[in-house]
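Reading through the structure tokens given below for one structure.
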């Protein structure tokens, strides 16, 4: 998820989490294999990466987690985590410390930004195996408006965006806020894309993966802007996998597995199954 909404946790939860037994700690590779299970944290309600359908966690990240576990010769235990105020909080809660009442720490977590500055601030984890380059796109319902026009010409049209996200902040504040009254908010980027597809909005600003997956799922095309949005400062970002800093044996194994999945085309196939074009992480391509 791009936005990080507050998760209200009582003060007693942290105290209780501190009393959790050692067996609940995240495991290095040898322990994962001995236990026969790889516990993987993924974001809740984060389609097309991870979401629940008919009681099963599905999505690109879910499929990647299953593939990694299979290659390690263990079963996967997918644990959904609700996004907190920031990714640092999510890593603390899910990977290295705990803090959510009843949440057993995961051995690794997917969909973590791969960035040196971010990594240096989070030295309790190792961030490994960057596997995708994410970016934002502007997409338009057929005939609703000119996707290539200057954004100021979209005044009076319904522009969908995820609440409290980078697209939301851009549409609300760019060009002196001229489009602020035209922004229609949704709880997720996937919902914003659906609004443009089914006609509740004229256009949407969301991640490329959300747009491509939404179009694939609905079987209904959206026109996509081919030129950068003026004054839009997000160039994109790599996503990767986090393990606890003292679980580097697991991290090394995961890096090797992901590299082989990329070279064999398996990663590309997983993305294609969800309608998303595979874009290698910039860290891997230079």
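Residue numbers (this note's numbering): 221 to 506. Virtual Cβ for every residue (Gly too), placed ideally from N, Cα, C. None of the values given here were measured: they were computed from a predicted structure.
Using CA coordinates, which residue listed in the options is at the minimum distance from residue i?
| i | options | result |
| --- | --- | --- |
| residue 401 | 376, 421, 363 | 376 |
| residue 332 | 457, 417, 480, 393 | 457 |
| residue 358 | 464, 366, 398 | 366 |
| residue 449 | 369, 378, 383 | 369 |
| residue 319 | 302, 330, 398 | 302 |
| residue 263 | 432, 278, 316 | 278 |
| residue 345 | 484, 477, 470, 286 | 470 |
| residue 259 | 498, 483, 475, 462 | 462 |
| residue 441 | 466, 459, 339, 414 | 414 |
| residue 467 | 420, 347, 432, 451 | 347 |
| residue 313 | 296, 416, 261, 341 | 261 |
| residue 386 | 371, 356, 330 | 356 |
| residue 507 | 499, 395, 498, 287 | Because the chain in this structure spans residues 221 to 506, residue 507 falls outside the shown range and cannot be described. |
At which residues does the alpha helix (DSSP H) containing residue i begin and terminate?
| i | result |
| --- | --- |
| residue 436 | 428-438 |
| residue 255 | 249-255 |
| residue 414 | 409-417 |
| residue 400 | Per DSSP, residue 400 belongs to no alpha helix (DSSP H) and is neither H nor E. |
| residue 442 | Premise fails: residue 442 is in no alpha helix (DSSP H) and is neither H nor E. |
| residue 504 | 502-505 |
| residue 323 | Per DSSP, residue 323 belongs to no alpha helix (DSSP H) and is neither H nor E. |
| residue 340 | 336-341 |
Around the Cβ of residue i, are there at least 16 other Cβ atoms within 10 angstroms (buried) or fewer (exposed)?
| i | result |
| --- | --- |
| residue 411 | buried |
| residue 427 | buried |
| residue 273 | exposed |
| residue 388 | buried |
| residue 422 | buried |
| residue 494 | buried |
| residue 289 | buried |
| residue 285 | buried |
| residue 492 | exposed |
| residue 464 | buried |
| residue 455 | exposed |
| residue 340 | exposed |
I need the straight-line Cα distance from residue i to residue j, nearest angstrom please.
| i | j | result |
| --- | --- | --- |
| residue 393 | residue 490 | 36 Å |
| residue 266 | residue 408 | 7 Å |
| residue 299 | residue 373 | 44 Å |
| residue 354 | residue 496 | 11 Å |
| residue 481 | residue 350 | 12 Å |
| residue 327 | residue 256 | 12 Å |
| residue 447 | residue 453 | 14 Å |
| residue 323 | residue 315 | 10 Å |
| residue 425 | residue 281 | 22 Å |
| residue 241 | residue 317 | Below a pLDDT of 50, predicted positions are generally treated as unreliable, and residue 241, at 38, falls in that range; no measurement from the model is reported. |
| residue 310 | residue 304 | 6 Å |
| residue 502 | residue 352 | 8 Å |
| residue 360 | residue 336 | 35 Å |
| residue 343 | residue 484 | 32 Å |
| residue 283 | residue 434 | 18 Å |
| residue 459 | residue 308 | 14 Å |
| residue 253 | residue 474 | 13 Å |
| residue 436 | residue 430 | 10 Å |
| residue 382 | residue 363 | 23 Å |
| residue 403 | residue 397 | 10 Å |
| residue 379 | residue 416 | 8 Å |
| residue 486 | residue 420 | 36 Å |
| residue 504 | residue 325 | 29 Å |
| residue 297 | residue 329 | 12 Å |
| residue 500 | residue 438 | 25 Å |
| residue 391 | residue 445 | 15 Å |
I'd like the span of the beta strand (DSSP E) that includes residue i, first residue to last.
| i | result |
| --- | --- |
| residue 328 | 328-333 |
| residue 464 | 457-464 |
| residue 403 | 403-406 |
| residue 450 | Counting along the chain, residue 450 falls outside any beta strand (DSSP E), and DSSP gives it neither H nor E. |
| residue 356 | 356-360 |
| residue 295 | 295-301 |
Can you find a heavy atom of the ligand SAM that lies under 7 Å from the Cβ of residue i?
| i | result |
| --- | --- |
| residue 489 | Among the components of this structure there are no ligands whatsoever, and the ligand SAM is therefore not found. |
Taking 8 Å as the threshold (beta carbon to beta carbon), is residue i in contact with chain B?
| i | result |
| --- | --- |
| residue 459 | Although the question refers to chain B, the structure presented lacks it and comprises just one protein chain. |
- Message: Ignoring anything shorter than 4 residues, give me the alpha helix (DSSP H) runs that lie fully in the region 252-285, in order along the chain.
- Response: none
Fill in: Complete alpha helix (DSSP H) runs within the region 360-394 (minimum length 4 residues, chain order)
386-393
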